[in-house]
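The block underneath contains the structure these notes are about, expressed in structure tokens.
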Amino acid sequence: AQSGLTAGLHTFTVTDANNCSTTVEVTINEPDALSAAASNLVDAKCKGDNNGSVTITPNGGTAPYNITPAQTSLAAGSYTFTVTDANNCKTTVPVTISEPAALEVQVTGTIMPEFCSGDKNGAFTLEISGGSKPYSYSLNKQNGTFIEGTSDQSLFDFTDLTGGKYIVYIKDAIGCSSQLEVVIPAGIVINPVAEVNYSCMNNTSENSVVISIDSSNTNPVDLDYSLDGAAFQSDNVFINVAPGNHIVTARHTNGCEQSTSSFVVNQIDPLSLTLADGELNEIVATTTGGIRGYEYTFEGQSYNSTNKFIIYKSGTYTVTVTDKKGCTATVSKYFEYIDVCIPNYFTPNGDGISDEWGPDCTINYKNLTYTIFDRYGRIIGKYKLGQKWDGKYNGVELTSGDYWYVLKLNDPKDNREFVGHFTLYR
20 AQSGLTAGLH
30 TFTVTDANNC
40 STTVEVTINE
50 PDALSAAASN
60 LVDAKCKGDN
70 NGSVTITPNG
80 GTAPYNITPA
90 QTSLAAGSYT
100 FTVTDANNCK
110 TTVPVTISEP
120 AALEVQVTGT
130 IMPEFCSGDK
140 NGAFTLEISG
150 GSKPYSYSLN
160 KQNGTFIEGT
170 SDQSLFDFTD
180 LTGGKYIVYI
190 KDAIGCSSQL
200 EVVIPAGIVI
210 NPVAEVNYSC
220 MNNTSENSVV
230 ISIDSSNTNP
240 VDLDYSLDGA
250 AFQSDNVFIN
260 VAPGNHIVTA
270 RHTNGCEQST
280 SSFVVNQIDP
290 LSLTLADGEL
300 NEIVATTTGG
310 IRGYEYTFEG
320 QSYNSTNKFI
330 IYKSGTYTVT
340 VTDKKGCTAT
350 VSKYFEYIDV
360 CIPNYFTPNG
370 DGISDEWGPD
380 CTINYKNLTY
390 TIFDRYGRII
400 GKYKLGQKWD
410 GKYNGVELTS
420 GDYWYVLKLN
430 DPKDNREFVG
440 HFTLYR
């Protein structure tokens with residue numbers, strides 16, 4: 020057998036043992052050279068996709084052909100395709116699959132928070148690059164309606180937002196997509212409330228306005244306060260605010276400002292005390308100014324809110340009033356005591372003048388009792404405060420003459436007893 024022959028015409032000479040010879044011509048054929056070409060090149064649609072493809076077409080060689088690697092589902096990159104024919108002849112084709120620039124989205128500038136809860140003034144701006152313009156977006160709805168920008172637009176503003184998390188879905192002109200999560204800081208809840216307090220300092224009424232805020236604010240240094248539009252201060256307490264209507268504005272470091280409802284600071288006049296005669300042997304204290312809820316002491320004894328005092332002798336008396344917040348005023352004044360009045364006679368004749376007998380000037384002696392006797396010491400009657408004797412005994416008029424009495428005041432502050440006589444005239 021003859022091998023290693025190239026394609027072409029070959030002449031073979033055959034010689035036997037007797038040196039006889041002959042020649043044979045043989046033509047060796049070969050197939051066309053194996054080659055391949057790439058066509059229908061399709062790049063990856065979007066950055067990172069593996070949807071590129073190419074068509075590799077063999078030429079020459081001997082069918083069937085085997086082509087590796089696969090010509091579809093290609094990601095961006097450089098490939099070498101190998102074509103092998105039935106005779107194991109091989110050829111290669113280099114191919115490059117490209118992809119567009121990545122569709123990228125990012126926040127540009129500052130994310131604006133919602134200042135006060137409910138204001139809906141949060142905002143942010145997105146910058147989109149890569150991909151193919153125009154870009155479209157949908158806020159929080161991946162399958163919702165997309166809003167398309169202009170042909171050269173790359174900045175997109177989002178405004179009038181409440182605090183919270185947002186997802187912006189992005190598409191470019193050929194359908195490549197991306198998304199970005201943006202968090203807008205939640206709005207602040209301040210809800211300032213003014214409480215007006217009154218106190219006494221150095222026996223002078225003072226006021227303070229204390230501003231309380233929502234418990235969600237845990238760091239006091241985040242807020243400052245302004246009274247009626249004046250300069251802000253860090254302290255939430257205002258001292259000795261002028262009487263009238265006021266408003267305090269509380270301001271958070273994030274920019275939120277909320278105001279209290281209008282509140283009233285009352286005019287507190289200086290505490291003043293006067294003493295005057297009231298009913299019989301009664302002192303009446305009158306107080307103005309200070310904070311109502313007055314309490315009194317009379318001669319050092321507490322009378323709580325009672326402002327009327329009974330005296331049992333003439334003299335100078337001292338009354339002190341204390342208002343609800345501890346301010347005091349004291350007055351001392353002389354008052355004349357009017358003693359028990361005991362008539363010397365009476366005339367029970369029905370003329371409306373001195374028709375009955377009994378002690379007067381005794382309104383303050385609630386337990387007073389007295390007994391009337393005839394001249395023989397017999398009891399005519401026993402009486403209490405407000406009762407009078409009409410000159411009768413068991414319904415029978417007694418004769419003119421002298422009668423006797425024993426009067427007992429029965430008061431722990433004045434336990435005097437009076438004994439005497441009076442005359443009945445008819």
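Residue numbers (the numbering used here): 20 to 445. From the three backbone atoms N, C-alpha and C, an ideal C-beta is built for every residue, glycine too.
- In the structure shown, the three-state DSSP call for D433 is strand.
- Taking A205 as reference, the option from N264, I258, N273 with the minimal CA-CA separation is N273.
- DSSP, reduced to helix, strand and coil, places D241 within a helical segment of the structure shown.
- Across the structure, I203 and Y217 are spaced so that their CA atoms are roughly 43 Å apart.
- Within 10 angstroms of the beta-carbon of I398 lie fewer than 16 other beta-carbons, which makes it exposed.
- DSSP places L180 in the uninterrupted beta strand (DSSP E) bounded by 174-180.
- Two segments are said to touch when three or more pairs of C-beta atoms, one from each, lie closer than 8 Å; by this definition the segment 115-130 touches the segment 194-201.
- Residue nearest to G297 within the set F354, S54, T41, E133 is F354 (criterion: CA-CA distance).
- Going by C-alpha positions, I310 is about 5 Å away from D342.
- Distance check between I357 and each of S373, Y331, Y336 places Y331 closest, using alpha-carbon atoms only.
- Under the three-state reduction of DSSP, V260 is assigned to coil, being neither helix nor strand.
- Boundaries of the beta strand (DSSP E) around Y322: 320-323.
- Secondary structure at Q277: strand, using DSSP grouped into helix, strand and coil.
- When secondary structure is reduced to three states using DSSP, F134 falls in the coil class, being assigned neither helix nor strand.
- Residue T337 holds the alpha-carbon nearest to the alpha-carbon of K352 among T337, N429, L158, C346.
- Taking all protein chains in view, the Cβ of N162 is surrounded by fewer than 16 other Cβ atoms within 10 Å, so the residue is classified as exposed.
- Apart from sequence neighbours up to five positions away, the residues of its chain that approach F31 with a beta-carbon distance below 6 Å are V43, ordered along the chain.
- Judged by DSSP in its simplified three-state form, Y424 adopts strand.
- Following the DSSP letters along the chain, one finds L292 inside the beta strand (DSSP E) bounded by residues 291-296.
- Here R394 has G420, D421, Y422, W423 as same chain residues with Cβ atoms under 8 Å from its own Cβ, once five neighbours each way along the sequence are excluded.
- As the crow flies, the alpha-carbon of N326 is around 21 Å from that of T381.
- Under DSSP, no beta-bridge partner is assigned to P211.
- F251 carries a coil assignment under DSSP once its states are collapsed to helix, strand and coil.
- Our two residues, D243 and S157, have alpha carbons roughly 39 Å apart in a direct line.
- With fewer than 16 other Cβ atoms from the protein chains shown falling within 10 Å of its own Cβ, I47 counts as exposed.
- Counting along the chain, the unbroken beta strand (DSSP E) around T337 starts and ends at 334-341.
- Taking 8 Å as the cut-off, the Cβ atoms of C65 and C275 do not count as close.
- The beta carbons of T110 and L53 sit closer together than 8 Å.
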